[in-house]
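Input: a single structure, listed below in structure tokens.
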Ligand code: ARG
């Protein structure tokens, strides 16, 4: 191979990610070979001693350059350098094909656990914020148009629920990462009487991958994990999107902490939500990694093909991006100050309580909802024409419109009309499970707290 070809095909640039896993893999395999009497105790002990030394010395001790091709060769070269040719016994009944698949799974399990722990911390932080904002009124949107009053706590908990599913998806993917390919060797195992259960156990895997050809062929554990990360990215990106919109002058609903914002180099009055914007874009790149992984793997024949090596850097880019984005979005959300006055003003403005007014007519006067909807529609239009504010609507005004439409007055008690137009009262009345009433929000906080406590 020319040196250009060697560089082009080498994995050394990203093999540091599996360095520790590769040592563990060699240790477990050597221990098993010794236990099963496949290699001499004395040779096994020399190999294990050399591996221990490498573990202590760290990556710097390795000669990891394209001429050695990859980390598996570099580790073997290191052991050979220390103990001579008996290092070769380490590779009995093993191939780099089952080894790389094992290493990737070991390293990925750790990454998934870190990200899962990060999600739990994020949910915990959201619960703290929600606890303090159960009566912090804001308007909820559909089509990004004023829809109905809700609370900041209720909105925050919608993030927490999405994050809980992101956690569960990773947890589920983890089960299929946690399967051991070691012992598959190149593709059809070996004629040595190896003990696959034992190496799987030594490496902390829950089970072995049963079919040896599948064991070296499959990377769907990567595709599945990155899919879960792409979905996590979407959750994070949507949180960022809302913070970006809400922090505009027009919305004025939140202020993001200075630590997560920058100013413009030319416009001194500006505060830009840079972290949220970059996070929104980085979430996209996880989707890009996923598409690459799908495309590299989709048309490969079974067994090991070198194309599989090209999946690996995309996996680590996805895990790194997901981890960093998760941590920064979490910290940024915690830095947010919610403008309560503005939240209430927006919830009162623009007839966001109109649905409740229609519900009131249904409840008090047994009107069919469609007729109530029609009356309230005209109430809103007339109020806008006559320049009336929502709080200026009273029982008499409702009667006037009702007569126009049904020929009859409604005679709804004034205090009920007032209540229906008060955003906090409206929120409190939504006591159905999952609704924004503080009692239900409290219940949702408790359920999520229990979920966290079980972990
Ligand atoms: N560097 C390779 C990878 O990352 C390791 C396996 C190489 N196997 C082989 N037969 N060349 O996939």
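In my numbering, the protein residues as written are 90 to 544.
All residues carry an ideal CB built from backbone N, CA and C; glycine is no exception.
| query | result |
| --- | --- |
| Taking 7 Å as the CB-CB cut-off, is residue 510 touching chain C? | Chain labels in this structure do not include chain C; a single protein chain is all it has. |
| When DSSP builds the beta bridges, which residues end up paired with residue 237? | 229 |
| Note down the Cα distance separating residue 408 from residue 246, rounded to an integer number of angstroms. | 25 Å |
| Quick one: give me the first and last residue of the alpha helix (DSSP H) that residue 423 is part of. | 401-423 |
| Starting from the Cα of residue 410, find the closest Cα among 92, 502, 367 and give me that residue. | 367 |
| Looking at C-alpha atoms only, which residue of 214, 149, 166, 203 is the closest neighbour of residue 420? | 214 |
| Classify residue 380: buried if its beta carbon has 16 or more other beta carbons within 10 angstroms, exposed otherwise. | exposed |
| At the level of alpha carbons, what is the spacing between residue 270 and residue 162? | 19 Å |
| If we require 4 or more residues per run, which alpha helix (DSSP H) segments fall completely within the region 123-197? | 130-146, 160-172 |
| Is the closest heavy atom of the ligand ARG to the C-beta of residue 369 under 6 Å? | no |
| Quick one: what does DSSP say residue 427 is sitting in, helix, strand or coil? | strand |
| Please identify the residue among 461, 365, 119 whose C-alpha is closest to the C-alpha of residue 337. | 365 |
| May I have the straight-line CA-CA distance separating residue 310 from residue 104, to the nearest angstrom? | 18 Å |
| Taking the alpha helix (DSSP H) that residue 450 falls in, what are its first and last residues? | 443-454 |
| Short of 8 Å in beta carbon distance, which residues of its chain neighbour residue 255, apart from the five on each side in sequence? Order them along the chain. | 208, 317, 320, 321, 324 |
| Say yes only if the C-beta of residue 185 is nearer than 6 Å to one or more non-hydrogen atoms of the ligand ARG, and no if none qualify. | yes |
| So what does DSSP say about residue 484, is it helix, strand or coil? | helix |
| Assign residue 389 to one of three DSSP states: helix, strand, or coil. | coil |
| Under 6 Å: does the beta carbon of residue 537 sit that close to some heavy atom of the ligand GDP? | Because the ligand GDP does not appear in the structure shown, any question about it cannot be addressed here, the ligands present being the ligand ARG. |
| Can you give the Cα-Cα distance for residue 492 and residue 522, rounded to whole angstroms? | 36 Å |
| Does the count of Cβ pairs from the region 141-154 and the region 97-115 closer than 8 Å reach three? | yes |
| The ligand ARG and residue 159: does any heavy atom of the ligand fall closer than 6 Å to the residue's C-beta? | yes |
| So, are the CB atoms of residue 249 and residue 273 less than 7 Å apart? | no |
| If we count Cβ pairs, one from each stretch, closer than 8 Å, do we get three or more for the region 185-204 versus the region 108-123? | yes |
| Starting from the Cα of residue 442, find the closest Cα among 282, 133, 235 and give me that residue. | 235 |
| Quick check: the region 118-137 against the region 223-239, are there 3 or more CB pairs under 8 Å? | no |
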